[in-house]
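These notes are about the structure you will find just below.
Number of protein chains: 2
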Amino acid sequence: MSSFTVTPDDLDAIALGGAFLGTGGGGDPYIGKVMAKEALATYGNVEVVDADEIDDDTLCVPVAMMGAPTVMIEKLPAGGEALEALRGLESVLGRKVGALICAEAGGLNSTIPFAVAAATGLPLIDGDGMGRAFPELQMVSFTLHGVKASPIVLADDKGNTAVFGTIDNHWTERLARSAAVDMGGAALIATYPMDGRVMKTAMLRGTISLIKRVGEIIAAERRAMRHPGPALCEACGGQRLIRGRIVDIERRTVGGFARGKATIRGSDEDAGQVFAVEFQNEMLVLTDDAGTVRASTPDLICALDADVGLPVTTEQLRFGLAVELIGLPADPQWRTPEGLALVGPGYFGYGHDFVPLGGTAAAG
Amino acid sequence: MSSFTVTPDDLDAIALGGAFLGTGGGGDPYIGKVMAKEALATYGNVEVVDADEIDDDTLCVPVAMMGAPTVMIEKLPAGGEALEALRGLESVLGRKVGALICAEAGGLNSTIPFAVAAATGLPLIDGDGMGRAFPELQMVSFTLHGVKASPIVLADDKGNTAVFGTIDNHWTERLARSAAVDMGGAALIATYPMDGRVMKTAMLRGTISLIKRVGEIIAAERRAMRHPGPALCEACGGQRLIRGRIVDIERRTVGGFARGKATIRGSDEDAGQVFAVEFQNEMLVLTDDAGTVRASTPDLICALDADVGLPVTTEQLRFGLAVELIGLPADPQWRTPEGLALVGPGYFGYGHDFVPLGGTAAAG
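Residue numbers (UniProt numbering), protein chains in the order written: chain A, 1 to 364; chain B, 1 to 364.
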């Protein structure tokens, strides 16, 4: 994958692709897109560079927003707090950041790093730590490679900052989550500082170009009056899971996460069947009415509006909505025992073992 | 007040006096005394110096434990975390700390700074920020003088640290409180960094010698088989409020604070009357059965066991216990409008105006 320049217009595709790979969570990328477009218009375009173009001793830092997606929707970040977080981290480390990383190539966090890259003039590396969206800070490939989330710096829209030094990445999640809640529900973070040498193995590569391509496919197919599902499956190695209409939706907020279940009555070739999608911010498990697991975290369950072909977040799921669900295989690192311990069904409290896309198992 | 040396044996008196000025809160000084005795035995005695002996450009830093007293009782601090917090603050500021301050000359925090002083070899300045115990971080004379609580460093017994930079001292309380809760209920803190020049006006002077003298009086009177109440009133300018037996006690934990009310049936010259003491960690208001306020925060309501003459914390209040309550006037700074806004009855949710000791008002 070679490097490329991102213009304000490219952000439409990137946000669209980020919403698709967000598997329903990670917040609506629209806000991040607004921030990033404004930043690019003010400071200039952003260079997305291939990992191999980064020097081994360059300090690479993921930037992201941490908090509840519902808060993010209501609270357009002031912008300065991401820079504040980045500068805070530089001050703690006594080193200059040389390149930015996208922590989460799904949802809101797929576009926020572009705003920071534009404002700082730093390149953004083509890749991320999840290859999708996940709800917690430690759920990144960096953790699998022994990279520490700390020191982490949080900055809020009021001018408060927090720096945590922690014994492991679960502790970072715990302490930073509380601070983000106190700060009004969301904060900008700079975390997982790593050298270029480490980044080259610890990062999931190419996911920024992937979400850009996904967004371009969705836009092109919609312009051609086609539903983008088939073209996306072909481009991403995915499979159409089900198509149907939501007939029931349960929601509850548990520990800051939007949990719930959507019941979907199948249509087209799935007519006569009933499915359930369970979500915790992201869509995590799809089961059929026999209790068989059709798709499961860490594989991606991506939702498109069956009529208009646009990605649907879990907040947008509502009674009567027609959806098409598409499954994408997770990055191979997530399917290892270490990966599954971090983001597999067991961590989220489901009783079944991981079932790779294509396989089946009875739900626990 | 001239400077003096504190030996391990002196810590008995200091802990006793700290328990008295703790007005029932701030945690049992016993744990802090154990820590401090061990530190003095290992590293040597501690020099308590008069504020005027400190250079104007010396960096002075209060050290304390932050958290729920009940947790502190169960969790003997590892000791190293106070040093960790202090070193963390030095690293953030890029300056060496030259002298330590006691944040709270009441409860547990009256003895913890001695452990840190012994381990670092730094002098401890004779004074504190409260002249008693109060439940929240911003409730110090430093706040009245415009000293910022941030940067504040927290360290826990597991090896986690947090640094907050905040827009005001209420925000520091809010963010640091959450982190202390996450860290297991309590953390060691280094906060309110200030130059010697600022310390000399912002600190309440002489309170370390005061608690030492109070403790020595309690010990001497008990050895002489006298109840220490009268001698303490004479030495501290206090007044005997009431004497009686606890006939009812209500407790609830609200927002991390141990709130409650003790009902006391008067004895001796108070026979025939019923009183109520309301507490939020510390004893804050004393009313009689006509609803008249007999004593109120920020003035000190100190409890002694009426039989054995030792200070009683609010956790130790129980049905049947005979107590003598002694009122001490708060430092004049606490009785100003600014002081009352920070620690007066209104801040704690009581409807009455502040009634200085000796005056009376109907409870709101």
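Heads up, the beta-carbon is just placed ideally off N, CA and C, and yes, glycines get one too.
Please read these numbers as outputs of a predicted model, since none were measured by experiment.
Does the beta carbon of residue i sit closer than 8 Å to a beta carbon anywhere in chain A?
i	result
Val6 of chain B	no
Asn160 of chain B	yes
Phe164 of chain B	yes
Ile167 of chain B	yes
Asp182 of chain B	yes
Determine the DSSP secondary structure at residue i, reduced to helix, strand or coil.
i	result
Pro311 of chain B	strand
Ser296 of chain A	strand
Gln316 of chain B	helix
Pro62 of chain A	strand
Phe142 of chain B	helix
Glu282 of chain A	strand
Ile152 of chain B	strand
Thr5 of chain B	strand
Glu104 of chain A	coil
Ala235 of chain B	helix
Ala51 of chain B	helix
Gly67 of chain A	strand
Gly364 of chain A	Residue placement at Gly364 of chain A is flagged as unreliable, the pLDDT there being 46, under the threshold of 50; a coordinate-derived value is accordingly withheld.
Leu342 of chain A	helix
Asp57 of chain B	coil
Asp288 of chain A	strand
The alpha helix (DSSP H) spanning residue i covers which residue range?
i	result
Pro113 of chain A	Ile112 to Thr120
Arg223 of chain B	Thr207 to Arg223
Asp182 of chain B	Asn169 to Asp182
Thr42 of chain B	Pro29 to Tyr43
Arg87 of chain B	Gly80 to Leu93
Ile264 of chain A	Run containing Ile264 of chain A: none in the alpha helix (DSSP H); it sits in the beta strand (DSSP E), Phe257 to Gly266.
Thr201 of chain B	Gly196 to Ala202
For chain B, check one thing: does any of its Cβ atoms lie closer than 8 Å to the Cβ of residue i?
i	result
Ala179 of chain A	yes
Leu86 of chain A	no
Arg174 of chain A	yes
Trp334 of chain A	no
Which whole-angstrom value is the C-beta distance of residue i and residue j, which I expect to be below 8 Å?
i	j	result
Leu175 of chain A	Ala64 of chain B	Incorrect: roughly 19 Å between the Cβ atoms, too far for contact.
Glu104 of chain A	Gly26 of chain A	6 Å
Gly106 of chain A	Gly185 of chain A	No, Gly106 of chain A and Gly185 of chain A are not in contact; Cβ-Cβ is about 20 Å, not under 8 Å.
Leu204 of chain B	Pro151 of chain B	At roughly 23 Å, the Cβ-Cβ gap does not stay under 8 Å, so Leu204 of chain B and Pro151 of chain B are not in contact.
Ile264 of chain A	Ile242 of chain A	7 Å
Gly67 of chain A	Thr314 of chain A	Actually they do not touch by this definition, with Cβ atoms about 16 Å apart.
Ala162 of chain B	Val147 of chain A	20 Å between Cβ atoms; not a contact.
In the DSSP assignment, find the unbroken beta strand (DSSP E) run with residue i in it and report its ends.
i	result
Phe354 of chain A	Premise fails: Phe354 of chain A is in no beta strand (DSSP E) and is neither H nor E.
Thr253 of chain A	Gln239 to Val254
Asp10 of chain A	Looking at the DSSP string, Asp10 of chain A is not in any beta strand (DSSP E); the run it does join, the alpha helix (DSSP H), is Asp10 to Leu21.
Gly165 of chain A	Thr161 to Gly165
Ala322 of chain B	Ala322 to Leu328
Asp126 of chain A	Leu124 to Asp128
Ala133 of chain B	Neither: Ala133 of chain B is in no beta strand (DSSP E) and is coded neither H nor E.
Ala271 of chain B	Here Ala271 of chain B belongs to no beta strand (DSSP E), and DSSP marks it neither H nor E.
Ala190 of chain B	Ala186 to Ala190
Can you determine whether any heavy atom of the ligand GTP sits closer than 7 Å to the C-beta of residue i, and answer yes or no?
i	result
Phe257 of chain A	Within the structure as shown, the ligand GTP is missing, as the structure has no ligands at all.
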